[in-house]
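These notes are about the structure you will find just below.
Right, here's the structure in full:
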């Protein structure tokens, strides 16, 4: 009898804990104190032992200085604080930027990042590191360090030239008159760059998480500020060889983030660096990321800022983005239960009034942890230069769940 009562109590306790996990919560912290040097472009992953690892780039400014490096920090499972930041990658006398990470089905940590050869985004050279030994304090021990050779071929040039022909000969893009001369300069330069081996092979960069398809294909979303559109790098042998997709071409679609539908097709949302109206761009693939549909506008406002989209294990989708056409002072998390056809729920991690001094909360990264909860990191920049006074910068971490997105949050 006592054993039966004990078992009943144990089951009730388990039932209570399971229901308790559905209570809305939001917890936030900073990975390190705010500082004056530039810190930006974070990415977060969860290790197999449930430690959290975050990377970002840090330095005096990648467009003017060569001291920029990739830093990282780790939060041990069950701990409340982050490790002191450590160096994850540092090419001497060159800036390293825009890092992205993923943990593959073998449990290996991959770090992707571009080294900027001449302080211009167009001079980016993609690299990657791989580690099986990243649980110890400090930096992972990298067992592979390689260049990711991005090799768009003649098909890339042909697709680019076809698109540019449309821009020049039709009203394919509704471009305001004041942009016309700039567009003509852009078209002329891209005609040269698309047909030149060097310029079409350089300048590709990461931003959002890589994507692993059916535990065998890795897709690394890339973009080029020079071309101002996107491309996918694919490997079916864990980085021994790489191929590229067709280019995803539109008016300034960059920094793609990938999600998979239940039918196996892939969908991507991309930052909008083009003319108004500002919307996240979208495309889809039905052959595992090799080819992508023509790029169109989505319903999501975008102010020329990065976004990430993920599919949860229950099939719901989560989008984290600056939900504005102008500014980076509103950072939202939205939830869809029908694979992006509608977005019924939205909460804000950050939101400053439009008519008051505000910060910049941008370049978000998001994952679902093994326990089902969500972790996001993003650049948290206060006192922007236009307000005067030194800008203060950090990387902020937010831990929350679906229930928080849907309802009132228990903030602490």
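Residue numbers (our numbering): 1 to 412. For each residue, glycine too, the CB sits at the ideal point set by N, CA and C.
Grouping DSSP H, G and I as helix and E and B as strand, with all else coil, what is residue i?
i	result
residue 211	strand
residue 183	helix
residue 369	coil
residue 339	coil
residue 161	helix
residue 156	helix
residue 309	strand
residue 167	helix
residue 296	strand
residue 195	helix
residue 360	strand
residue 245	coil
residue 50	coil
residue 177	helix
residue 27	strand
residue 399	strand
residue 217	strand
residue 319	strand
residue 188	helix
residue 200	helix
residue 325	coil
residue 265	coil
residue 62	coil
residue 19	Its pLDDT being 35, under 50, residue 19 is placed unreliably in this model, and the value from its coordinates should be taken loosely. Three-state result, residue 19: helix.
residue 286	coil
residue 259	strand
residue 239	coil
residue 149	coil
residue 172	Reliability fails at residue 172, whose pLDDT of 47 lies under 50, so the model's placement of it is uncertain and no value is given.
residue 410	Low per-residue confidence applies at residue 410: pLDDT is 42, beneath 50, and the placement is therefore not dependable enough to give any value.
residue 11	Per-residue confidence for residue 11 stands at a pLDDT of 34, beneath the threshold of 50, marking its modelled position as unreliable; no derived number is given.
Using a Cβ-Cβ cut-off of 6 Å (strictly less than) and excluding sequence neighbours within five positions of residue i, which residues of its own chain qualify?
i	result
residue 327	303
residue 160	194
residue 61	38
residue 268	256, 258 and 283
residue 105	215
residue 406	345
residue 325	278, 301 and 303
residue 340	317
Give the DSSP bridge partners of residue i, in chain order.
i	result
residue 253	272
residue 301	279
residue 404	None; residue 404 has no bridge partner.
residue 228	Beta-bridge pairing links residue 228 to no other residue.
residue 393	35 and 381
residue 350	331
residue 45	53
On the premise that residue j lies in contact with residue i, defined as a C-beta separation below 8 Å, what is that separation, rounded to the nearest angstrom?
i	j	result
residue 391	residue 74	The Cβ separation is near 26 Å, so there is no contact.
residue 254	residue 230	6 Å
residue 115	residue 91	5 Å
residue 462	residue 244	Within the shown structure, residues of the chain are numbered from 1 to 412, placing residue 462 beyond reach of any answer.
residue 308	residue 366	5 Å
residue 351	residue 379	With 8 Å as the limit, residue 351 and residue 379 do not qualify as a contact, their Cβ atoms being about 16 Å apart.
residue 279	residue 298	6 Å
residue 202	residue 276	Their Cβ separation, rounded to whole angstroms, is 30 Å, which puts residue 202 and residue 276 out of contact at 8 Å.
residue 208	residue 100	6 Å
Apart from the five residues on each side of it in sequence, which residues of its chain come closer than 8 Å, Cβ to Cβ, to residue i?
i	result
residue 199	122, 192, 193 and 226
residue 260	211, 213, 266, 267 and 311
residue 138	83 and 86
residue 291	245, 246 and 285
residue 217	234, 235, 236, 288 and 289
residue 330	322, 323, 324, 348, 350, 351, 352 and 361
residue 22	401 and 403
Identify, in the order they occur along the chain, each residue of the same chain with its Cβ nearer than 7 Å to the Cβ of residue i, setting aside the five sequence neighbours on each side.
i	result
residue 241	235
residue 28	396, 397 and 398
residue 404	24, 25, 26 and 347
residue 172	For residue 172, the predicted model reports a pLDDT of 47, less than 50, meaning its position is unreliable and no value from the coordinates is stated.
residue 96	57, 68, 69, 70, 89, 90, 113 and 115
Legend entry - Those runs of the beta strand (DSSP E) which lie wholly inside the segment 69-147 and span at least 3 residues: 69-75, 86-89, 100-103, 109-116, 124-131 and 144-147
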